[in-house]
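Worksheet: the structure to be examined is printed underneath.
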Amino acid sequence: MFFAYVKRMSHVESNHWVEPAQKRSKDKVARILDAARALIVETGSANLKMTEVAKRAGVAVGTLYQFFPASSGLVEKLFAIEMQRVDDEFEAMLHHSQSWSDLLNGIEGLLLQQFEIVKTEPALLILLGASGLNADLQSADFENTKKNAAALTRKMMQLSDTPIDQNTAEALSMLICHLWSSVVRLSLLDQDHEPEVYLAHFKGMIKSYANQV
Numbered sequence: 653m654f655f656a657y658v659k660r661m662s663h664v665e666s667n668h669w670v671e672p673a674q675k676r677s678k679d680k681v682a683r684i685l686d687a688a689r690a691l692i693v694e695t696g697s698a699n700l701k702m703t704e705v706a707k708r709a710g711v712a713v714g715t716l717y718q719f720f721p722a723s724s725g726l727v728e729k730l731f732a733i734e735m736q737r738v739d740d741e742f743e744a745m746l747h748h749s750q751s752w753s754d755l756l757n758g759i760e761g762l763l764l765q766q767f768e769i770v771k772t773e774p775a776l777l778i779l780l781g782a783s784g785l786n787a788d789l790q791s792a793d794f795e796n797t798k799k800n801a802a803a804l805t806r807k808m809m810q811l812s813d814t815p816i817d818q819n820t821a822e823a824l825s826m827l828i829c830h831l832w833s834s835v836v837r838l839s840l841l842d843q844d845h846e847p848e849v850y851l852a853h854f855k856g857m858i859k860s861y862a863n864q865v
C-alpha cells in the first residue's frame with residue numbers, strides 16, 4: 653500500500669503558474685508572492701486562502717487566478733523561489749569540488765550553511781515541513797531532491813578514487829539529498845537538543861558510509 657502511494661505521488665501533476673511577461677504584471681506577481689510568504693509565516697501553514705492573498709497583495713482575485721489557477725500552484729512557485737538559494741549553493745559546491753575529500757567536506761559545509769539559511773527564512777522552514785502533508789508540495793520537493801541527487805551522483809562518479817557502482821552512488825545521493833532537509837528541519841524544531849548534535853551525527857554518518865563505497 654505504501655509503494656502504491658509513492659507511485660501515485662511520483663505522477664502528481666503540478667498546478668502550473670503563468671509567468672508574467674510585462675513589467676506591470678511582474679510587479680503584481682511579486683506582490684502576490686510576497687503576500688503569500690507573509691501569510692505562511694503569520695499562520696504557520698502552507699494552506700493559503702486565495703482571497704486573503706489577493707487582499708494582502710492589493711490585487712483582484714481574478715488577477716491572482718490569472719497567474720495562479722490554484723493555491724497549490726502558488727505554493728509550488730513560492731517553494732521554488734525559496735529553494736533557489738539553497739540549490740545555487742549546492743551547485744556551487746559541486747562545481748568547486750575537485751577531489752573526493754573536497755566533495756565530502758563541501759557537503760559538510762553546505763549542511764551547516766543550509767541550516768543558517770533555513771533559520772533565517774521562516775517561510776522555507778514551514779514549506780519544507782508542509783511537504784509531508786501537501787501532495788503537490790511533496791511532489792515538487794521530491795523533484796527537487798531528484799535533480800540535486802542526479803548532480804551529486806555525477807560528481808561522485810567523477811571524483812571517486814575507486815570505481816563506484818552507479819546504483820550505489822545514486823542511492824547514496826538520494827539518501828543524502830532527501831534526509832538533508834529533514835535533518836535541518838529537525839535541528840530547528842527540536843527544542844530539547846542542540847542543533848549541532850543532529851548536524852554532527854548526520855555529517856558523521858555521511859562520511860562514514862561514503863568512505864566505504
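Residues in the sequence shown are numbered from 653 upward in steps of one, following this note's numbering. By construction, the Cβ of each residue, glycine as well, lies at the ideal position given by its N, Cα and C atoms.
For this session: Within the region 707-760, note down every full alpha helix (DSSP H) run reaching 4 residues or more, in order along the chain.
Result: 713-719, 723-748
For this session: Verify whether the separation of the beta carbon atoms of LEU780 and ILE769 is less than 9 Å.
Result: no
Problem set entry | Cβ shell of ASP793 (< 6 Å), same chain only, five flanking positions each side left out | SER783
Exercise. Any idea if LEU788 is buried or exposed, counting beta-carbon neighbours within 10 angstroms, 16 or more meaning buried?
Worked result: The question names Leu, but residue 788 is Asp in the sequence shown. Buried, because 16 or more other Cβ atoms sit within 10 Å of the Cβ of ASP788.
Problem set entry | Span separating the alpha-carbon of HIS668 from that of ILE858 | 35 Å
For this session: Report the rounded CA-to-CA distance for PRO672 versus LYS729, giving the unit in angstroms.
Result: 13 Å
Exercise. Run through DSSP, which three-state label would LYS701 get?
Worked result: coil
Exercise. When DSSP labels each residue in this structure, what does THR805 get in the three-state scheme?
Worked result: helix
Problem set entry | Exposure of THR703, with buried meaning 16 or more beta-carbon neighbours within 10 Å | exposed
For this session: Examine the Cβ distances between the region 748-763 and the region 689-702 and report whether three or more of them are shorter than 8 Å.
Result: no
For this session: Could you tell me whether the Cβ of PHE720 comes closer than 9 Å to any Cβ of chain B?
Result: The question asks about chain B, but that chain is absent: this structure has only one protein chain.
Problem set entry | For TRP832 and LEU763, believed in contact at Cβ under 8 Å, the rounded distance | 7 Å
For this session: Kindly indicate the opening and closing residues of the alpha helix (DSSP H) around GLY781.
Result: 774-782
Exercise. LEU763 by DSSP, collapsed to three states: which one?
Worked result: helix
Exercise. So what's PRO815 in DSSP terms, helix, strand or just coil?
Worked result: coil
Problem set entry | ALA673, enclosing alpha helix (DSSP H) - first and last residue | Segment: none, ALA673 is in no alpha helix (DSSP H) and carries neither H nor E.
For this session: Within 10 angstroms of the Cβ of ARG837, are there 16 or more other Cβ atoms? Answer buried if so, exposed if not.
Result: buried
Exercise. By Cβ distance, which residues of its chain are closer than 6 Å to PHE720, with the 5 residues on each side in sequence left out?
Worked result: TRP669, LEU726
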